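Participant:
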Ligand SMILES: [Zn+2]
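In my numbering, the protein residues as written are 46 to 130.
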């Protein structure tokens, strides 16, 4: 069993929940992948990582209950992405 840390939320899990995620959607030419959890992958959809961070900042309720990781990890991701120029 291999383990991973989600690029977006910091969730630490095993292969059962791991998804190969494209920070830049494939249809926009993105080729590199990161490890992500199912939840982040489905919430992100076809957004870029930056658009996803902005969406999360506008929907803070999505960062709370029902998610399998601490709030702070996802907040850190949002801060990191939105401060990047
Ligand atoms: Zn995640």
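We treat Cβ as the ideally placed atom computed from N, Cα and C, and that holds for glycine. Predicted model, so just to flag it, every value in this text is computed and none were measured.
Start and end of the alpha helix (DSSP H) containing residue 85?
Facilitator: Within the chain shown, numbered from 1, the residue matching residue 85 stands at position 40. Run containing residue 85: 83-89, per the alpha helix (DSSP H) assignment.
Participant: Using a strict less-than 6 Å threshold between each residue's beta carbon and the heavy atoms of ligand 1, what residues do you get?
Facilitator: Listed by chain position, these are 51, 53, 54, 56, 81, 82, 84, 85.
Participant: Look up residue 58 in the DSSP assignment and give the residues it is bridged to.
Facilitator: Within the chain shown, residue 58 is the residue found at index 13, counting from 1. Per DSSP, 49.
Participant: Considering only residues of the same chain and omitting the five flanking positions on each side of residue 57, which have a CB-CB separation below 6 Å?
Facilitator: Stepping through the chain shown from its first residue, residue 57 is reached at position 12. Taken in chain order, the residues that qualify are 50.
Participant: Cα-Cα, which of 84, 71, 70 is closest to residue 62?
Facilitator: Numbered from its first residue, the chain shown carries residue 62 at position 17. Ranking 84, 71, 70 by Cα distance to residue 62 puts 84 first.
Participant: Quick check on residue 123: does DSSP put it in helix, strand or coil?
Facilitator: The residue given as residue 123 occupies position 78 in the chain shown. The answer is helix: DSSP assigns residue 123 an H, G or I state.
Participant: Please name the residue, chosen from 98, 118, 76, that lies closest to residue 127 on a Cα-to-Cα basis.
Facilitator: Within the chain shown, the letter at position 82 stands for residue 127. Looking at the Cα atoms, 98 is the closest of the given residues.
Participant: How is the beta strand (DSSP E) around residue 63 delimited, first residue to last?
Facilitator: Looking up residue 63 in the chain shown gives position 18. Per DSSP, residue 63 belongs to the beta strand (DSSP E) from 63-66.
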